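Quick note on the numbering used here: the sequence shown kicks off at 61 and runs consecutively.
No residue lacks a Cβ here, since even glycine has one placed at the ideal position from N, Cα and C.
Because the structure is a prediction, the values reported are computed rather than measured.
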Amino acid sequence: MAKKTKKKLRAYIGASIIIIGFMVFTAGKPNPINPKIIDPTWQTMLLGTIMMFLGYKIGQRAFPALLEDEEDLN
Numbered sequence: 061m062a063k064k065t066k067k068k069l070r071a072y073i074g075a076s077i078i079i080i081g082f083m084v085f086t087a088g089k090p091n092p093i094n095p096k097i098i099d100p101t102w103q104t105m106l107l108g109t110i111m112m113f114l115g116y117k118i119g120q121r122a123f124p125a126l127l128e129d130e131e132d133l134n
């Protein structure tokens with residue numbers, strides 16, 4: 061039971077890092093012509109890509125545990 065909970069926690073942590081990485085990827089500075097548009101910089105794109113990759117690597121083996129949990133409910 062504890063091993064399954066640990067895998068689920070690892071999967072959720074990996075998924076949340078992927079989501080945060082995507083938000084960092086799209087962050088940036090306002091466009092000088094239209095301030096309502098945000099232009100991502102290469103630094104935020106690089107950091108976001110690295111975070112998404114790390115989140116995937118952290119949860120890679122644990123993601124199937126989330127699918128098994130859904131099958132138990134059906």
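Euclidean distance between Cα positions of residue i and residue j
i: phenylalanine 85; j: leucine 106; result: 7 Å
i: isoleucine 73; j: asparagine 94; result: 36 Å
i: threonine 65; j: methionine 83; result: 27 Å
i: lysine 96; j: phenylalanine 113; result: 29 Å
i: lysine 63; j: proline 124; result: 13 Å
Cβ-based burial, residue i [other Cβ within 10 Å; buried from 16]
i: isoleucine 77; result: buried
i: lysine 67; result: buried
Cβ shell of residue i (< 6 Å), same chain only, five flanking positions each side left out
i: leucine 126; result: Ala71
Same chain, Cβ closer than 7 Å to residue i, five either side skipped, listed in chain order
i: methionine 80; result: The sequence shown places isoleucine at residue 80, rather than the methionine named in the question. Met111, listed in sequence order.
i: threonine 101; result: Gly88, Lys89
Proximity of residue i and residue j at Cβ, strictly below 8 Å
i: threonine 104; j: alanine 87; result: yes
i: glycine 108; j: alanine 75; result: no
Own chain residues within Cβ distance below 8 Å of residue i, not counting five before or after
i: aspartate 99; result: Gly88, Lys89, Pro90, Asn91
i: glutamine 120; result: Gly74
Paired residues, beta bridge with residue i - DSSP
i: glycine 74; result: The partner list for glycine 74 (beta bridge, DSSP) is empty, contrary to what the question assumes.
i: lysine 89; result: Asp99
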